[in-house]
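Structure first, then comments.
Protein chains: 2
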Amino acid sequence: MKDEFLKLSHGAGGTLMDEIIRKILMPNFSVRRALGGVGMDELDDGASLRMNECDIVTSMDGHTVSPIFFPGGDIGRLSVSGTTNDIAMMGAKPVALLDSMIVEEGFSFADLTRIAKSMEEVARELGIAIIGGDFKVMPKGSLDRMIIATCGIGLADKGGVVLDSGARPGDKVIVTGSIGDHGIALLAARKEFHLNIEIQSDVAPIWKTVEVALSHGKVTAMKDPTRGGLASALNDIASKSNASIWLNQDQVPIKDSVRAASEMLGLDPYEITCEGRAIICVSEKTAKDALDAIRRTKYGREATIAGEVRAEHPGYVLLRTQVGGTRVIEKPIGEPIPRVC
Amino acid sequence: MKDEFLKLSHGAGGTLMDEIIRKILMPNFSVRRALGGVGMDELDDGASLRMNECDIVTSMDGHTVSPIFFPGGDIGRLSVSGTTNDIAMMGAKPVALLDSMIVEEGFSFADLTRIAKSMEEVARELGIAIIGGDFKVMPKGSLDRMIIATCGIGLADKGGVVLDSGARPGDKVIVTGSIGDHGIALLAARKEFHLNIEIQSDVAPIWKTVEVALSHGKVTAMKDPTRGGLASALNDIASKSNASIWLNQDQVPIKDSVRAASEMLGLDPYEITCEGRAIICVSEKTAKDALDAIRRTKYGREATIAGEVRAEHPGYVLLRTQVGGTRVIEKPIGEPIPRVC
Chain A
1 MKDEFLKLSH GAGGTLMDEI IRKILMPNFS VRRALGGVGM DELDDGASLR MNECDIVTSM
61 DGHTVSPIFF PGGDIGRLSV SGTTNDIAMM GAKPVALLDS MIVEEGFSFA DLTRIAKSME
121 EVARELGIAI IGGDFKVMPK GSLDRMIIAT CGIGLADKGG VVLDSGARPG DKVIVTGSIG
181 DHGIALLAAR KEFHLNIEIQ SDVAPIWKTV EVALSHGKVT AMKDPTRGGL ASALNDIASK
241 SNASIWLNQD QVPIKDSVRA ASEMLGLDPY EITCEGRAII CVSEKTAKDA LDAIRRTKYG
301 REATIAGEVR AEHPGYVLLR TQVGGTRVIE KPIGEPIPRV C
Chain B
1 MKDEFLKLSH GAGGTLMDEI IRKILMPNFS VRRALGGVGM DELDDGASLR MNECDIVTSM
61 DGHTVSPIFF PGGDIGRLSV SGTTNDIAMM GAKPVALLDS MIVEEGFSFA DLTRIAKSME
121 EVARELGIAI IGGDFKVMPK GSLDRMIIAT CGIGLADKGG VVLDSGARPG DKVIVTGSIG
181 DHGIALLAAR KEFHLNIEIQ SDVAPIWKTV EVALSHGKVT AMKDPTRGGL ASALNDIASK
241 SNASIWLNQD QVPIKDSVRA ASEMLGLDPY EITCEGRAII CVSEKTAKDA LDAIRRTKYG
301 REATIAGEVR AEHPGYVLLR TQVGGTRVIE KPIGEPIPRV C
């Protein structure tokens, strides 16, 4: 058999990455679930362990963003937000974080300090502890600047974990803010794309927005649209929940600058990474209350009910366009932009 | 103030790394402990969360070994052993693992499969689950081959966590096997050192050896001698326990090949990384029973009582040499060999 080799798109959150995980990694791991909790097979935002008193939720992510400082954030803010957002997407309150920093020889103490301060800012906003980690240096030329992997730990009520598979026909789909800001901000920060726009990344810790959704709404499924954007996240919910998701184009918040930059570059804003947004499916009856509560939070002011869950065409995500048509939003093959998160 | 820049030795597990953690990272993190458990300040092998029913122990490590395949193991075996060993060193039974793999574009599917199989082999030996993780690809030239960060989760009896600070005068110090094998095996695998020796890395999951030590002995402190070797680990125990550790040179197991290679390269075997060894301090009364039990385990057959804990000269590690002298073993500035773990 001819050997194959990894392409960038294999790590980009789309169907190619799913293939690596499902065909190469997962079949080799015989035990993929601990203490009866959520395991690797769910391919959800995190995993869980069922204790007597509560469910422990955990999630891990390696962050490789380029450039490491960008408008609206840096790799430190990203590494704490990204992982705690995944914990939040499981319906759990983040309580602690561990990190593994690997840095290229020659990295400055000043940059390292600045990144630590960014991590602290997010940790403080969330009220979580940074309880441990690891620090390594790789020789000059063997790593581009820095990687921060983080693992978060959160607590959910016993049996209270929210899965991607819980969306039910009739549920409303809330999007907590404008999509694609993070990916386009990263592109704009990379001079080679000659994008003369000013846009800030949306990178932020969204637990407190999620918390009010959980207390005001009957939340059935959640996912944060990171690599592969809204398209990837919604397709995951639709296929795992065995239902369709219908979006109304005029209700999906997209900034004009993001729309313009996407058009210039031939990108679909639905496929572009966010790092501070959530898709929250809630029962129809509680949707209005949940939306109102979300809008009162720092990162939920522009939230909308962007669509609903239906029974027909299970597994599909469909967009009702502003001109009255319908188009299928497919799961992308990969994030179109490498090294955005 | 003039800016400073990271050197390889800043990530090498010695006094320089301690400085980065204590002076740059830690002061920026305001909350470093969660749920009353062991936190960052202890600088122990892991951290913990106190639940009502038990203590949850967690530890995280980023693995950057070069070459990624080496005699006796590979980065997969290392990444699961390294983190679960840290959990074991806290007195906790490893139950679950998450990983973050970051791979260079062009990495082969065959190598990825081989590494996944190595991870599985260790997971199966330990009876743990691999419950989740993350997979990313970095562009060609921006990462040397692969990084695997792992975060482990273990369970300890309530209040049963073993700290580095618990060693007491009178305790015996057990070393579970020969030291320095991993570091020298890595050096031998790197052609540039022209070492014509055959030596296998000791990389292995040592929980089951630790488990019998805990059940047969009154264990007061444990540490695995990884970066910075036996010298770094023993100095940590001595300083944190406010006691001295006295080693008998003729009782410290060192392979002839490791001794010879160390001499050729001007290295001190006491400072060289192991990846499948433990230092276990036990009460004098239980030392013989613990040693016998340890010797019956797969990775403890060559265990010795290598020394004892004393009250005088607190914080010092002293070696009684075979010729009747005494020398101080200081904490190294850094691991002498980059990218061994």
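Protein chains in written order, with this note's numbering: chain A, 1 to 341; chain B, 1 to 341. Every residue, glycine too, gets a C-beta built ideally from N, C-alpha and C. Note that this is a predicted model, so its numbers are computed, not measured.
Extent of the continuous beta strand (DSSP E) run through residue i
i                      : result
residue 109 of chain B : Taken as a continuous stretch (DSSP letters only), residue 109 of chain B belongs to no beta strand (DSSP E), being part of the alpha helix (DSSP H) at 109 to 126.
residue 40 of chain A  : Neither: residue 40 of chain A is in no beta strand (DSSP E) and is coded neither H nor E.
residue 10 of chain B  : Counting along the chain, residue 10 of chain B falls outside any beta strand (DSSP E), and DSSP gives it neither H nor E.
residue 223 of chain A : 219 to 223
residue 172 of chain B : 172 to 175
Residue(s) in a DSSP beta bridge with residue i
i                      : result
residue 271 of chain B : Partner(s): none; residue 271 of chain B has no beta bridge.
residue 92 of chain B  : None; residue 92 of chain B has no bridge partner.
residue 22 of chain A  : DSSP output for residue 22 of chain A lists no bridge partner at all.
residue 5 of chain A   : B:108
residue 250 of chain B : Residue 250 of chain B is not bridged to any residue.
residue 244 of chain B : B:310
residue 329 of chain A : According to DSSP, which records beta bridges pairwise, residue 329 of chain A is partnered with nothing at all.
residue 55 of chain B  : B:50 and B:156
residue 102 of chain B : B:136 and B:147
residue 61 of chain B  : B:150
residue 130 of chain B : B:97
residue 70 of chain B  : B:73
The alpha helix (DSSP H) enclosing residue i, as first and last residue numbers
i                      : result
residue 239 of chain B : 229 to 241
residue 81 of chain B  : 75 to 89
residue 183 of chain B : 181 to 189
residue 15 of chain A  : 15 to 19
residue 214 of chain B : 207 to 216
Residue of the options minimising C-alpha distance to residue i
i                      : options                       : result
residue 215 of chain B : B:83, B:91 and B:9            : B:91
residue 330 of chain A : A:290, A:236, A:279 and A:297 : A:236
residue 228 of chain B : B:69, B:334 and B:192         : B:334
residue 205 of chain B : B:125, B:150 and B:293        : B:125
residue 71 of chain A  : A:285, A:210, A:182 and A:148 : A:182
residue 171 of chain B : B:63, B:5 and B:219           : B:219
residue 89 of chain B  : B:213, B:290, B:265 and B:243 : B:213
residue 270 of chain B : B:233, B:304, B:305 and B:287 : B:233
residue 34 of chain B  : B:238, B:46 and B:188         : B:46
residue 132 of chain B : B:101, B:311, B:247 and B:113 : B:101
residue 17 of chain A  : B:162, B:221, B:238 and B:134 : B:134
residue 208 of chain B : B:107, B:293 and B:240        : B:293
residue 337 of chain A : A:37, A:65, A:43 and A:55     : A:65
residue 120 of chain A : A:53, A:73, A:238 and A:108   : A:73
residue 13 of chain A  : A:289, A:298 and A:226        : A:226
residue 117 of chain B : A:302, A:201, A:23 and A:238  : A:23
residue 311 of chain B : B:39, B:6, B:167 and B:256    : B:167
residue 180 of chain B : B:138, B:276 and B:281        : B:276
residue 113 of chain B : A:324, A:32 and A:4           : A:4
residue 290 of chain A : A:217, A:258, A:298 and A:239 : A:217
residue 193 of chain A : A:264, A:106 and A:279        : A:264
residue 160 of chain A : A:189, A:259 and A:54         : A:54
residue 332 of chain A : A:39, A:224 and A:268         : A:268
residue 304 of chain B : B:282, B:316 and B:40         : B:282
residue 50 of chain A  : A:298, A:155, A:278 and A:169 : A:155
Close beta carbons around residue i, own chain, < 6 Å, minus the five adjacent residues each side
i                      : result
residue 152 of chain B : 59, 83, 84, 87, 94 and 97
residue 261 of chain B : 184, 195 and 197
residue 145 of chain B : 68 and 104
residue 122 of chain A : 77, 80, 81 and 205
residue 321 of chain B : 249
residue 306 of chain B : 173, 175, 247, 251 and 252
Heavy atom of the ligand HEM within 7 Å of residue i beta-carbon
i                      : result
residue 184 of chain B : This structure does not include the ligand HEM; it has no bound ligands of any sort.
Close Cβ partners of residue i (< 7 Å) along its chain, the five nearest in sequence each way excluded
i                      : result
residue 314 of chain A : 242, 243 and 244
residue 10 of chain B  : 16, 17 and 20
residue 302 of chain B : 177, 178 and 253
residue 128 of chain B : 84, 94, 95, 96 and 97
Neighbourhood of residue i by C-beta, 8 Å cutoff - its chain only, sequence neighbours within 5 removed
i                      : result
residue 63 of chain B  : 75, 78, 79, 82, 147, 148, 149, 150 and 341
residue 318 of chain A : 244, 245, 246, 247, 326, 327, 328 and 329
Subject >> Ordered list of beta strand (DSSP E) runs contained in the stretch 136 to 163 of chain B, each at least 3 residues >> reply: 146 to 156
**OP:** Within the stretch 259 to 319 of chain A, note down every full beta strand (DSSP E) run reaching 3 residues or more, in order along the chain.
**Re:** 279 to 282 and 304 to 310
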